[in-house]
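Colleague: Before anything else, here's the structure in question.
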Amino acid sequence: MRDYRLICTLCGASYEDDGSRLGCANDHAPALLRTSYAQRAFKPGSENSVLRYSDWLPDARRLMTTARTGVYRSRALGAHLGLRALWIAFSGWWPRRGATLPTGSFKDLEAVSVLRRRQRSDTRPLVISSAGNTALAFARACSENDVPALIVVPLRGWEEVMRDAPIGPTVRVVAISDAGYDEATAFARDLCATGEFVLEGGVRNVGRRDGMGTAMLEAVEAIGALPEFYFQAVGSAAGALAAHEAALRVIADGRYGSRFPRLMLGQNAPFAPIHDAWQAGRATLFETSFEAAATRLAQLGAFVLGNQAPPYAFAGGVHEALRDSGGNTYAVSNERLRNAMSLFAELEGIDIEPAAGVGLASLVRAVADGDVDPDASILLHVTGGGRRALRAQNASAAQPSLLLARGELATTAIDRTRSLVG
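Under the numbering used here, the first residue of the sequence shown is numbered 481, with each subsequent residue one higher.
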């Protein structure tokens with residue numbers, strides 16, 4: 481029995497969760513669904529994993545995991561930046577700090593929650609599209625739990641992120657050459673049009689956002705209150721929305737603060753659609769041609785942040801969350817993200833991923849610009865790190881199940897992929 485409802489953030493329509501619903505059935509502008517849980521108080525359990533927050537996670541099936549974000553108060557980095565209350569949520573592999581995400585990315589939190597949400601009776605292959613990190617997390621989680629899955633990823637994402645993916649017999653991976661995240665996502669939607677597959681849905685899947693929102697819940701436990709500022713790098717901004725929604729639930733409890741943490745979101749220049757729109761005071765994204773976007777996407781040091789269609793103008797989306805939290809955005813060059821990665825390794829003692837470097841570089845910029853009070857409670861979400869140790873442990877020679885050229889997507893790609901699964 482599911483102890484929550486799905487609520488449309490625009491019209492308020494309420495739905496019992498069937499495990500795969502991604503949107504409202506009513507005819508209106510785009511809007512995200514949001515979970516409304518019967519449990520109103522923030523009551524972490526005793527599990528030493530993300531499942532300690534099961535009261536605020538989907539619950540259609542039992543699923544075991546050891547994945548957990550580690551939260552600690554930074555001394556070295558905080559002192560370097562002149563910040564007296566800098567907290568770090570480390571969503572990677574760093575057991576000494578309590579961070580036990582098996583692929584070294586916060587996407588493990590998504591995978592656990594999405595799979596818990598699925599009806600056990602639904603045996604259709606789950607189709608996931610990703611730039612790399614999500615693909616790696618779902619490949620592992622679906623393999624470990626014998627869930628049929630078809631993962632669609634750009635070839636660059638495979639080469640940069642998924643080479644060491646542990647892939648079991650229930651999982652197939654389709655890599656697309658000369659493609660980005662948006663082409664992978666469009667192909668995943670086309671695959672699911674016949675009904676023989678079920679679309680995971682990305683940011684529209686409440687399981688994703690509720691899973692990633694546990695990083696904010698870990699911080700509230702550690703700090704004893706909601707932080708005043710929340711820094712993170714974003715592509716789709718699902719993680720930032722997750723933090724915002726988790727804060728909404730904590731505020732409703734009444735014991736940990738009454739204001740949203742201010743969302744301070746970083747993107748990797750020269751491709752920063754959320755930053756560009758927010759700084760221009762726009763409620764919608766700028767329109768960009770495929771050719772112009774492709775040129776800029778190819779230059780990103782943090783390739784996984786290259787999402788051309790984040791839910792910026794949606795009800796319950798990024799613009800609304802930035803507005804309601806009094807947030808801000810930053811665009812970070814490849815040089816600055818690399819400098820930030822080196823700084824974290826030097827001061828905190830562990831490697832972090834390029835996307836996490838964008839988040840830290842945004843914090844460095846905010847400090848330099850005077851956007852944060854040195855005495856404020858600040859949470860920096862490091863969304864991936866510790867992979868050097870993981871690569872040493874998990875080296876493999878995995879290959880994609882199928883390699884497609886982008887030119888095939890409009891012709892033979894669907895038939896070839898169906899044959900792969902069938």
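Ideal placement from N, C-alpha and C gives every residue a C-beta, glycine not left out. Since we're looking at a predicted model, the values are computed, not measured.
Please go through the same chain and pick out, in chain order, the residues whose beta-carbon is closer than 7 Å to the beta-carbon of D756, but skip the five residues on each side of it.
Modeller: F766
Colleague: Per DSSP, what kind of secondary structure is Y661 in: helix, strand or coil?
Modeller: helix
Colleague: Would you say A676 and R598 are within 8 Å of each other, going by their C-beta atoms?
Modeller: Reading the sequence as shown, one finds Glu at residue 676 and not Ala. Going by C-beta atoms, E676 is not nearer than 8 Å to R598.
Colleague: Sorted by chain position, which residues of the same chain lie with C-beta nearer than 6 Å to T489's C-beta, five sequence neighbours on each side aside?
Modeller: Cβ neighbours of T489 beyond the five flanking positions: A511, L512, R514, A795, G796.
Colleague: So what does DSSP say about H508, is it helix, strand or coil?
Modeller: coil
Colleague: Go through its chain and collect everything with a Cβ distance to D498's Cβ below 8 Å, but skip five positions before and after it.
Modeller: Q599
Colleague: Please look up how many angstroms separate the CB atoms of G612 and E640, rounded, as I've assumed it's under 8 Å.
Modeller: Contact annotation, G612 with E640: C-beta distance approximately 6 Å; criterion of less than 8 Å satisfied.
Colleague: When DSSP builds the beta bridges, which residues end up paired with V651?
Modeller: A629, per the DSSP bridge assignment.
Colleague: Sorted by chain position, which residues of the same chain lie with C-beta nearer than 7 Å to I830's C-beta, five sequence neighbours on each side aside?
Modeller: The residues are W574, G865, G866.
Colleague: With distances taken between CB atoms, is the gap from E725 to R689 smaller than 8 Å?
Modeller: Their beta carbons are under 8 Å apart, which means E725 touches R689 by this criterion.
Colleague: Beta strand (DSSP E) containing C488: first to last residue?
Modeller: Run containing C488: 484-488, per the beta strand (DSSP E) assignment.
Colleague: Between the stretch 726-736 and the stretch 852-860, do three or more beta carbon pairs fall short of 8 Å?
Modeller: no
Colleague: Measure the Cβ-Cβ separation of T985 and L671 and say whether it is below 8 Å.
Modeller: This structure cannot speak to residue 985, because the chain is shown only from 481 to 902.
Colleague: Using DSSP with H/G/I as helix, E/B as strand and the rest coil, what is A820?
Modeller: helix
Colleague: According to DSSP, is Y696 part of a helix, a strand, or is it coil?
Modeller: The question names Tyr, yet the displayed sequence has Met at residue 696. The answer is helix: DSSP assigns M696 an H, G or I state.
Colleague: Of all Cβ atoms in chain D, is any one closer than 8 Å to the Cβ of G637?
Modeller: Judged by its chain identifiers, the structure shown contains no chain D, having just a single protein chain.
Colleague: Could you pull out every residue in the same chain whose Cβ sits closer than 6 Å to the Cβ of L860, ignoring the five residues on either side in sequence?
Modeller: These residues qualify, in order along the chain: I568, F711, L843.
Colleague: How long is the line joining the alpha carbons of A645 and S494, rounded to whole angstroms?
Modeller: Rounded to the nearest angstrom, the two C-alpha atoms are 38 Å apart.
Colleague: Tell me whether L900 is buried or exposed, calling it buried when 16 or more other Cβ atoms sit within 10 Å of its Cβ.
Modeller: exposed
Colleague: Does the beta-carbon of G887 have 16 or more other beta-carbons within 10 angstroms, so that it is buried, or is it exposed?
Modeller: G887 comes out exposed.
Colleague: Just how far apart, CA to CA, sit N808 and N748?
Modeller: The straight-line gap from Cα to Cα measures roughly 15 Å.
Colleague: Answer yes if the stretch 816-828 comes into contact with the stretch 528-538, meaning at least three C-beta pairs across the two stretches below 8 Å, and no otherwise.
Modeller: no
Colleague: Out of curiosity, what's the CA-to-CA distance linking D733 and T694?
Modeller: 16 Å
Colleague: Here's a check: name, in chain order, each residue in its chain whose Cβ is nearer than 8 Å to the Cβ of A774, leaving out the five neighbours to either side.
Modeller: G660
Colleague: May I ask you to report which of helix, strand or coil DSSP gives I731?
Modeller: Helix at I731.
Colleague: Leaving out the 5 sequence neighbours to the left and right, which residues in its chain are closer than 8 Å to R735 when beta-carbon positions are compared?
Modeller: F522
Colleague: Tell me, please, which residues DSSP counts as bridged to F570.
Modeller: BP columns for F570 point to G550, V862.
Colleague: When the Cα of R868 is compared with those of G837, T583, E698, which residue comes out closest?
Modeller: T583
Colleague: In whole angstroms, give me the CA-to-CA distance for R553 and A722.
Modeller: 22 Å
Colleague: Using the three-state DSSP reduction, which class does A579 fall into: helix, strand or coil?
Modeller: strand
Colleague: Near L889, which residues of its chain fall below 6 Å by C-beta distance, leaving aside the five closest residues on each side in sequence?
Modeller: F667
Colleague: Tell me which residues share the same chain as R636 and place their Cβ nearer than 7 Å to its Cβ, disregarding the 5 neighbours each side in the sequence.
Modeller: F783
Colleague: Beta carbon of R577, beta carbon of R541: below 8 Å?
Modeller: no
Colleague: So, are the CB atoms of A655 and V633 less than 8 Å apart?
Modeller: Yes, they are a contact pair.
Colleague: Return the CA-CA distance between L581 and S571, expressed in angstroms with no decimal places.
Modeller: 7 Å
Colleague: What runs of the beta strand (DSSP E), each 3 residues or longer, lie entirely inside the stretch 765-823?
Modeller: 808-812
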